[in-house]
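Q:
2 protein chains.
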Amino acid sequence: MKESDIVVIGGSAAGLTAAITARRHNPDKSILLVRKEERVLIPCGIPYIFGTVGKPENNLIPDAVLEKNSIELLVGEAKELKPDEKIVTIAGGETVKYEKLILATGSNPMVPPIPGIDKKNVFPAEKSVGNMQSLLDTLENTKDLVILGGGFIGVEFADECKKNRDINVTIVEMLPHCLLLAFEEELCVEAEKALIDRGINLVTGVKLEEVVGDERVRGVKLSDGRELKADVIIVGIGVRPNVGAAEAAGLKVDRGGIVVDTNMRTSDSNIFSCGDCTSKKSFFTGQPSGLNLASVAAMEARIAGANLFSTRRENRGTVGVFATAIGDLVLGVAGMTEKAAKDSGFDVTTGVAEATNRHPGGMPGMAMMKVKLVFNKKNGELIGGQVRGGPSTGELMNTISACIQKKMTADDIATFQLGTHPAVTASPIAYQLVNAAEMAIKNE
Amino acid sequence: MKESDIVVIGGSAAGLTAAITARRHNPDKSILLVRKEERVLIPCGIPYIFGTVGKPENNLIPDAVLEKNSIELLVGEAKELKPDEKIVTIAGGETVKYEKLILATGSNPMVPPIPGIDKKNVFPAEKSVGNMQSLLDTLENTKDLVILGGGFIGVEFADECKKNRDINVTIVEMLPHCLLLAFEEELCVEAEKALIDRGINLVTGVKLEEVVGDERVRGVKLSDGRELKADVIIVGIGVRPNVGAAEAAGLKVDRGGIVVDTNMRTSDSNIFSCGDCTSKKSFFTGQPSGLNLASVAAMEARIAGANLFSTRRENRGTVGVFATAIGDLVLGVAGMTEKAAKDSGFDVTTGVAEATNRHPGGMPGMAMMKVKLVFNKKNGELIGGQVRGGPSTGELMNTISACIQKKMTADDIATFQLGTHPAVTASPIAYQLVNAAEMAIKNE
């Protein structure tokens, strides 16, 4: 039997970050990372295999970081947990004894129970090198690609698969707009315009009812009666937490995944859980949060990995911060949209500001950048922000996230001490973040 | 005599922002902005006139924003203040009566008392269209340009003047490195390498002792005995607050400028002051701060403009957040460098993390991005951060500024809820901000 002070199951964003964090906080412990994949894809980079980086091998999490942090690697699937004996059984029969265990078993793509969904050339957005290589090969002879789901995964797959290919790409989305669970409707409309400009077909407000064909997919039937040709279908409608072994071992599990306390500890005091396999709560409402993101996984992992032997960090719930890009258009969000906030019962005030992201506007790389902020009227605190602009959107959304996490008010943000530079930001007079806060004060 | 509820003197970052803010908070008041310039240059954009945007007219603050906010404009120099009568006298004799007055009279470039400094073709970095047009014209026939001062103004002028010109550019800096008051020495060395790669000559650790020539400058003598040829000298060694009228009117003034309380109110309760003309204190030490930046000016203006008739905002002291760019190399800083912190008596721990700003590294726009964080050992709070990377540096420095302003600890930052995206940020595993915090914990 193998033994290790700390065992981590899972090698993606959560597992790897948990192992590295555990190492930083426990220089003298032995750490073993068990994962089922020989090679691990960077999860958020998966769509970019298809139009930008060229092949799955160019989108791998490098294993060098394991060696650098003295983390032993065991490739194999953890099949069974025995919490009482502190033992994990690996497929093939090998057993591993642990002192502390971190579960980071991730998630699997959801596949809707639609007739014909099991036909050949239907590809769920799986995080495996083999499946993604197979999709890449198949796209070479594809004329009609249907993407089921217009969330950010679907949108990014559509944009990437269209690049450098003579291919007809159609997104089928059940909601009235793409990206509607993530962004304000107004930004969704901008994103849709960008997709259409790039030659992508959108079918929204419509369900996929049947996959037709013989052995292989040949087309799809939609709820409005239309039929679309399809040689390949990519399914990107969300994920289901991978909790089989945890549940079988008697750990507490709910619909969102393995249940943990604010220290990321499961119902067994020696077992922690983080990432997609873990049930999440909203920072704003304390209610279940369905946001499965690599960045949330890594944040949870930095809590779990630091709390193994003594508690030092706490999870205050998921804020939800992420971005998507369609060509030069980048959309970023932190926290709640106005609609989501209202749907959750918040009374809100909002402010919007738009300006160039350079000053003067003639500086290279100029793009219009727009910020919308959403404040809780009751206590004045920022509960959401959206950014639309160029590449700097990614970092500005994190500035907004800081303001949300520290519960800043519109006056706090209006007097935010920001830095500016002609070549990289808006002017200090027009800076979108502070002016959106000012507009929210004015609107109230 | 003219009358206005609110009179603002000065039309640059501080004055304009103060007037707009006053409008937002006082929809029914009359607002008059008095400025001496017919046209106002974007202050931070001035160096970019010379290599990127082409002429002063392409670097103007647009006056449309005045009209949009119903702010009346009077072009003229405010010569005399009579606080007891609430009257301002404009050059030419016109008088203006105010209820509340905001002074945003800015600063003038410092000119060192060096023999020969008054010769023709010595250009202080002045914020006026005429002077900058004159410099632009003169550069057409310039072979040897000497820039006195290797701070960010000097460095940016050097880089811009070198572009598209067959010209020999030399920076003369008194300190051992360029940018040393702003950045860690290590980043200064990187910046110097970038300047040298771009064909700029650096002379550091040396003083300029004499400007030689006849009517016009012909060269400079340095403290190490060397002489350099020079057809033109640009002086960028800092600014002096423009406080003449305020001082003459009996307002309290110190070495840093017009003295204000935390609400930006001067020693006269109906007069506020903001921007370069105003004395500043450090966020960290409460001691005088010499940082004159447009972004600080705009922040102070948002406080002054909102506090005129009832106090709602407070200045907690200057954090100091800014960036500079040399080609694709962008350096950003928020708060204190390690050296400045130690010089101020802080016991510090630091952490450094470097990673690509895209994930995977093959994504377009990839650059290495490095973050260094400086924590106060006594209470664990973040007191400084530096970023070196591509254009997103500008926004990341503002995320760091948020962490400083909200006094976040290394553990707070290690569990920061960040958003990531392959096309615009580092990966969630390698995200530089959180990993620098983790390294600081490890180093402690």
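Line by line, the protein sequences give chains A and Z. Using my numbering, the first residue of the first sequence is number 653, and each one after it goes up by one. Using my numbering, the first residue of the second sequence is number 653, and each one after it goes up by one. Don't be surprised by glycine CBs; every beta carbon is placed ideally from N, CA and C.
Ignore the nearest five residues each way along the sequence and tell me which others in A/E844's own chain have a CB closer than 7 Å to its CB.
A: H829, C830 and L854
Q: What runs of the beta strand (DSSP E), each 3 residues or longer, lie entirely inside the region 1031–1081 of chain Z?
A: 1034–1041
Q: For Z/G801, name the three-state secondary structure that DSSP assigns.
A: coil
Q: Tell me whether A/P776 sits in a helix, a strand or coil according to DSSP, three-state version.
A: strand
Q: Return yes when the Cβ of Z/D995 is within less than 8 Å of the Cβ of Z/K1030, no when it is not.
A: no
Q: According to DSSP, simplified to helix, strand and coil, what is Z/R1122?
A: The question about residue 1122 of chain Z has no answer here: the residues shown for chain Z are numbered 653 through 1096.
Q: According to DSSP, is Z/P764 helix, strand or coil?
A: coil
Q: Please report whether the beta-carbon of A/V971 lies at a distance below 8 Å from any beta-carbon of chain Z.
A: yes
Q: Let me make sure I understand the geometry here. Which of A/F809, A/L827 and A/M826 has the alpha-carbon closest to that of A/N820?
A: If we check each option's Cα against that of A/N820, A/F809 comes out closest.
Q: Can you tell which of A/E689, A/R691 and A/I672 has its C-alpha closest to the C-alpha of A/S682?
A: Looking at the Cα atoms, A/I672 is the closest of the given residues.
Q: Are the region 732–750 of chain Z and the region 696–707 of chain Z touching by the rule of at least three beta carbon pairs closer than 8 Å?
A: no
Q: In chain order, what residues of the region 1018–1034 of chain Z put their CB closer than 7 Å to some CB of chain A?
A: none
Q: Within its chain, find whatever has a CB closer than 6 Å to the CB of Z/E655; leave out the 5 residues flanking it on each side and keep chain order.
A: In chain order, K749 place their CB closer than 6 Å to the CB of Z/E655, counting only its own chain and leaving out the 5 sequence neighbours on each side.
Q: Taking a contact to mean a Cβ-Cβ separation below 8 Å, would you say Z/E609 touches Z/I766 in this structure?
A: Because chain Z here runs from 653 to 1096, residue 609 of chain Z falls outside it and cannot be looked at.
Q: Buried or exposed for Z/R878, please, with buried defined as at least 16 other CB atoms from any protein chain shown within 10 angstroms of its CB.
A: exposed
Q: Which runs of the beta strand (DSSP E) spanning at least 3 residues fall entirely within the region 952–1040 of chain A, listed in chain order?
A: As far as the region 952–1040 of chain A is concerned, its whole beta strand (DSSP E) runs of at least 3 residues are 973–978, 981–987, 1000–1008 and 1020–1028.
Q: Report yes if the C-beta distance between Z/V1023 and Z/A834 is below 8 Å; otherwise report no.
A: no
Q: Answer with yes or no whether the minimum CB distance from Z/I889 to chain A is below 8 Å.
A: no
Q: For Z/R968 and A/Q1069, what's the separation of their Cα atoms in angstroms?
A: 10 Å
Q: Identify every residue that forms a DSSP beta bridge with Z/D906.
A: Z/G909
Q: What does Z/V841 pair with, by DSSP beta-bridge criteria?
A: In the DSSP output, where bridge partners are listed per residue, Z/V841 has none listed.
Q: Does the region 936–945 of chain A come close enough to the region 764–782 of chain A to have 3 or more Cβ pairs within less than 8 Å?
A: no
Q: Return the residue from the list Z/G1032, Z/L983, Z/N1009 and Z/P1012 that minimises the CA-CA distance to Z/T1002.
A: Z/G1032
Q: Please list the residues of the region 1066–1079 of chain A that have a C-beta atom closer than 8 Å to any C-beta atom in chain Z, keeping them in chain order.
A: A1066, T1067, F1068, Q1069, L1070, G1071, T1072, H1073, P1074, A1075, V1076, T1077 and S1079
Q: So, does the region 1042–1059 of chain Z touch the region 1046–1057 of chain A, judging by three or more C-beta pairs under 8 Å?
A: Here the region 1042–1059 of chain Z makes contact with the region 1046–1057 of chain A; the two share three or more CB pairs at distances below 8 Å.
Q: Can you have a look at A/K795 and say buried or exposed, based on whether 16 or more other CB atoms are within 10 angstroms of its CB?
A: Exposed, since its Cβ has fewer than 16 Cβ neighbours within 10 Å.
Q: Run through chain Z and tell me which residues come within less than 7 Å of A/T669, C-beta to C-beta.
A: I1081
Q: Going by beta-carbon coordinates alone, are Z/I823 and Z/I805 separated by less than 8 Å?
A: no
Q: Closest Cβ-Cβ distance between A/F974 and chain Z: below 8 Å?
A: yes
Q: For A/A743, count neighbouring C-beta atoms within 10 Å of its own C-beta (all shown protein chains included) and say buried if the count is 16 or more, exposed if not.
A: So A/A743 counts as exposed.
Q: Just verifying my parser: in three-state terms, what is the DSSP assignment at Z/E724?
A: strand
Q: Compare the C-beta of A/L692 with all C-beta atoms of chain Z and state if any pair is closer than 8 Å.
A: Contrary to the premise, residue 692 of chain A reads as Val rather than Leu in this sequence. By this cut-off, A/V692 is not an interface position.
Q: Starting from the C-beta of A/S1099, find all residues in its chain whose C-beta is less than 7 Å away, skip the five residues before and the five after it, and write them out in chain order.
A: Chain A is shown from 653 up to 1096; residue 1099 of chain A falls before or after that span and cannot be answered.
Q: Is A/V1076 closer than 8 Å to A/S1044 when the C-beta atoms are compared?
A: yes
Q: How about Z/A949 and Z/A666: do their beta carbons lie closer than 8 Å?
A: yes
Q: When you compare the CB positions of Z/Q1038 and Z/T989, do they come within less than 8 Å of one another, or not?
A: yes
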